[in-house]
Amino acid sequence: MDPRVKILLSIAYIVAVFLIREFHFYGFLAAFLFILIATVAARVPFLKVLKSIKAILFFIIFSSVLQVLFNREGEVLAEWWIIVITNVGLLRAAFITLRITLIVMGTALLTLTTTPVEIADGLESLFTPLKWIKFPVHEFALIMSIALRFIPTLMDETERIINAQKARGADFESGNIFKRIKALVPILIPLLISSFRRADELGDAMDARCYSGAKGRTKYKKMRPTWRDLIAVLLMAALIAGVVLLNGVWGVAV
Numbered sequence: 398m399d400p401r402v403k404i405l406l407s408i409a410y411i412v413a414v415f416l417i418r419e420f421h422f423y424g425f426l427a428a429f430l431f432i433l434i435a436t437v438a439a440r441v442p443f444l445k446v447l448k449s450i451k452a453i454l455f456f457i458i459f460s461s462v463l464q465v466l467f468n469r470e471g472e473v474l475a476e477w478w479i480i481v482i483t484n485v486g487l488l489r490a491a492f493i494t495l496r497i498t499l500i501v502m503g504t505a506l507l508t509l510t511t512t513p514v515e516i517a518d519g520l521e522s523l524f525t526p527l528k529w530i531k532f533p534v535h536e537f538a539l540i541m542s543i544a545l546r547f548i549p550t551l552m553d554e555t556e557r558i559i560n561a562q563k564a565r566g567a568d569f570e571s572g573n574i575f576k577r578i579k580a581l582v583p584i585l586i587p588l589l590i591s592s593f594r595r596a597d598e599l600g601d602a603m604d605a606r607c608y609s610g611a612k613g614r615t616k617y618k619k620m621r622p623t624w625r626d627l628i629a630v631l632l633m634a635a636l637i638a639g640v641v642l643l644n645g646v647w648g649v650a651v
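Each number in our numbering comes from the position in the sequence shown (counting from 1) with 397 added on.
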């Protein structure tokens with residue numbers, strides 16, 4: 398698929414998920430089916446998409462617990478001291494969980510099926526009209542590409558530093574929250590130094606290759622939409638139309 402179409406579809410998908418009103422769980426079902434169809438069509442293992450949730454699992458649980466504990470609307474199901482659990486609180490916790498999970502799955506599918514270079518090229522093409530207002534489109538796309546390509550490198554570097562510190566007797570898992578934060582200092586300083594060193598090396602490499610910006614540069618691959626892109630756009634249009642109908646015309650709340 399054309400990376401520009403995938404980026405636009407990802408944005409439209411996030412908008413569609415945000416359009417789903419509270420307690421309209423049929424809308425979430427439609428969004429999940431869209432992700433399922435897209436995953437099968439892209440031939441990506443569904444478990445890989447699900448694993449993307451692991452990175453923000455704590456945030457999802459924390460948000461859900463806040464909804465349960467601080468929402469006093471609806472019928473009281475359980476009460477202890479200052480803690481009151483209501484049916485509306487549980488439903489809103491489920492709503493928040495579904496919304497965040499579906500958004501993360503959608504963005505994960507984009508990153509699993511599109512290389513950083515393709516994402517950068519797609520963004521550069523989409524932002525081309527901004528050249529009329531002298532916006533540095535190519536430079537912005539280059540920054541995005543470098544940032545995306547360095548994320549796995551930084552993760553590997555972090556893991557290497559953690560293993561080296563553990564070999565020296567460092568403990569990152571015991572103690573209270575403040576001790577754990579303090580224990581991260583020996584990781585952050587070497588990581589920052591390594592990041593600056595890699596940035597200098599990259600700058601020297603670009604200078605050695607006489608890089609001077611977008612002027613006179615051509616594309617190795619030209620992006621062209623195909624029939625697959627058209628089908629994906631039609632499915633997304635159907636999803637958004639379905640969400641709007643569920644929200645407004647039918648007022649379904651299940």
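C-beta atoms are modelled at their ideal positions from N, C-alpha and C, and glycine is treated no differently.
Host beta strand (DSSP E) of residue i (start-end)
i, result
"isoleucine 482", "480-483"
Nearest residue (CA-CA) to residue i, options the options
i, options, result
"aspartate 399", "Arg621, Val481, Ala564, Phe443", "Arg621"
"phenylalanine 429", "Pro549, Val501, Thr623", "Val501"
Straight-line Cα distance separating residue j from residue i
i, j, result
"cysteine 607", "arginine 546", "21 Å"
"aspartate 518", "arginine 625", "19 Å"
"tyrosine 423", "leucine 599", "49 Å"
"methionine 633", "lysine 451", "26 Å"
"leucine 495", "glycine 503", "12 Å"
"proline 533", "serine 609", "13 Å"
"isoleucine 480", "histidine 421", "27 Å"
"phenylalanine 593", "leucine 551", "11 Å"
"leucine 636", "tryptophan 529", "34 Å"
Beta carbon of residue i nearer than 8 Å to that of residue j
i, j, result
"valine 441", "leucine 509", "yes"
"lysine 403", "leucine 507", "yes"
"isoleucine 558", "proline 587", "yes"
"isoleucine 457", "isoleucine 497", "yes"
"arginine 401", "serine 542", "no"
"alanine 596", "proline 583", "no"
"glutamate 554", "serine 591", "yes"
Residue i in three-state terms, based on DSSP
i, result
"leucine 474", "strand"
"threonine 511", "coil"
"threonine 564", "Correcting the residue identity first, residue 564 is alanine in this sequence and not threonine. The answer is helix: DSSP assigns alanine 564 an H, G or I state."
"methionine 620", "coil"
"leucine 581", "coil"
Residue i, enclosing alpha helix (DSSP H) - first and last residue
i, result
"histidine 421", "Neither: histidine 421 is in no alpha helix (DSSP H) and is coded neither H nor E."
"serine 407", "400-416"
"serine 461", "454-467"
Interface flag, residue i vs chain D, CB-CB below 8 Å
i, result
"methionine 398", "No chain D appears in the structure shown, which is made up of a single protein chain."
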